[in-house]
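Enquirer:
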Amino acid sequence: VKPDAKAAIASLRRSGVKRAVMLTGDAEAAARAVASELGLDEYHAGLLPDQKVDRVEEILAGKGDGLVAFVGDGINDAPVLCRCDVGIAMGALGSDAAIEAADVVLMDDKPSKIAVAIRIARKTLTIVRQNIVFALGVKLLVLALGALGMANMWEAVFADVGVSVIAILNAIRAMRVRQPDLPVSGGNQV
Numbered sequence: 001v002k003p004d005a006k007a008a009i010a011s012l013r014r015s016g017v018k019r020a021v022m023l024t025g026d027a028e029a030a031a032r033a034v035a036s037e038l039g040l041d042e043y044h045a046g047l048l049p050d051q052k053v054d055r056v057e058e059i060l061a062g063k064g065d066g067l068v069a070f071v072g073d074g075i076n077d078a079p080v081l082c083r084c085d086v087g088i089a090m091g092a093l094g095s096d097a098a099i100e101a102a103d104v105v106l107m108d109d110k111p112s113k114i115a116v117a118i119r120i121a122r123k124t125l126t127i128v129r130q131n132i133v134f135a136l137g138v139k140l141l142v143l144a145l146g147a148l149g150m151a152n153m154w155e156a157v158f159a160d161v162g163v164s165v166i167a168i169l170n171a172i173r174a175m176r177v178r179q180p181d182l183p184v185s186g187g188n189q190v
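So in the working numbering, the last one in the sequence shown is 190, and the numbering has no gaps at all.
1) Should Ala78 and Ala45 be called a contact, given that it needs their Cβ atoms to be closer than 8 Å?
2) Let me know the secondary structure DSSP gives Gly162 once reduced to three states.
3) Just checking my contact of Ile127 with Arg173 at CB under 8 Å: how many whole Å lie between their CB atoms?
4) In whole angstroms, give me the CA-to-CA distance for Asp109 and Leu93.
5) Please report the residue range of the beta strand (DSSP E) in which Met90 lies.
6) Looking only at its chain, what residues have a beta carbon closer than 6 Å to the beta carbon of Arg83, apart from the 5 residues adjacent to it on each side?
7) Residues in the same chain with beta-carbon distance under 6 Å from Ala159, minus the five sequence neighbours each way, listed in chain order, please.
8) I'd like to know whether the C-beta atoms of Val68 and Ile59 end up nearer to each other than 8 Å.
9) Quick check on this structure: which residue in Leu47, Val163 and Val116 has the alpha carbon closest to the alpha carbon of Val133?
10) Taking its Cβ as the centre, do 16 or more other Cβ atoms sit within 10 Å of Met90, making it buried, or is it exposed?
11) At what residues does the alpha helix (DSSP H) containing Gly72 begin and finish?
12) Report the residue from Ile114, Gly62 and Ala97 whose alpha carbon sits nearest the alpha carbon of Ile75.
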């Protein structure tokens, strides 16, 4: 178990993850102990790669309107990483097959970075939506004013270049998302 795994699960739950399931090829006793230690909702042990895919298919069938993400690092995880809505590979020690199959690669193998990636993605989507609404709104306003003969060339330039600059400045805010300190076993901070 990675040192920050328990804190990562707690952080994911705070981020809105409703169900945490472990699919592993490990023995039942080891899987049960890890699932208990991490506070997982369920686990499935002794699975071969095709059985992991079957379990993910079951989860996908009952997911409703949510997304299914899978985190893995081994060659046996590659088929599941491809099948999920979001495949996340642990890149530092992960196999090349898992890294190639994943949508997201965590380069330092810290599960706590998954919640950070979720926050960054949500913030980025918010900023993108703001930029689209702002840019289209200003352009439509200047277009309407131009059609009525009330807009000149400088307003059209602002609607093009000025709005682009403002959108870029707004997008810079995505860089301010930080990872909070997460406690690990022994009370240390990450």
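Backbone N, C-alpha and C define an ideal beta-carbon position, used for all residues, glycine too.
Expert: Put simply:
1) On the sequence shown, residue 78 is found 78 positions in, with the first residue counted as 1. On the sequence shown, residue 45 is found 45 positions in, with the first residue counted as 1. Contact flag unset, no.
2) Mapped onto the sequence shown, residue 162 falls at position 162. Secondary structure at Gly162: helix, using DSSP grouped into helix, strand and coil.
3) Counting from one through the sequence shown, the residue named residue 127 turns up at place 127. Counting from one through the sequence shown, the residue named residue 173 turns up at place 173. Taking 8 Å as the upper bound for CB-CB distance, Ile127 and Arg173 are in contact here, some 6 Å apart.
4) The residue labelled residue 109 in the question sits at position 109 within the sequence shown. The residue labelled residue 93 in the question sits at position 93 within the sequence shown. Their backbone Cα atoms lie some 7 Å apart in a straight line.
5) Sequence index remark: in the sequence shown, residue 90 carries index 90 (1-based). Segment Val86 to Met90, the beta strand (DSSP E) holding Met90.
6) Translated into the one-based positions of the sequence shown, residue 83 becomes position 83. If the five residues before and after Arg83 are omitted, its C-beta is found closer than 6 Å to the C-beta atoms of Val53 and Val56, all from its own chain and listed in chain order.
7) Locating residue 159 in the sequence shown gives position 159, counting from the first residue. Same-chain partners within the cutoff: Val138, Lys139 and Val142.
8) Stepping through the sequence shown from its first residue, residue 68 is reached at position 68. Stepping through the sequence shown from its first residue, residue 59 is reached at position 59. Going by C-beta atoms, Val68 is nearer than 8 Å to Ile59.
9) Residue numbering aside, residue 133 sits at position 133 when the sequence shown is read from its first letter. Relative to Val133, the option among Leu47, Val163 and Val116 whose CA is nearest is Val163.
10) The residue given as residue 90 occupies position 90 in the sequence shown. Flag for Met90 reads buried.
11) In the sequence shown, residue 72 corresponds to position 72, counting from 1. First-last for Gly72: Ala69 to Gly72, but that is the beta strand (DSSP E), not the alpha helix (DSSP H).
12) By 1-based counting over the sequence shown, the position of residue 75 is 75. Closest option to Ile75, Cα to Cα, is Ala97.
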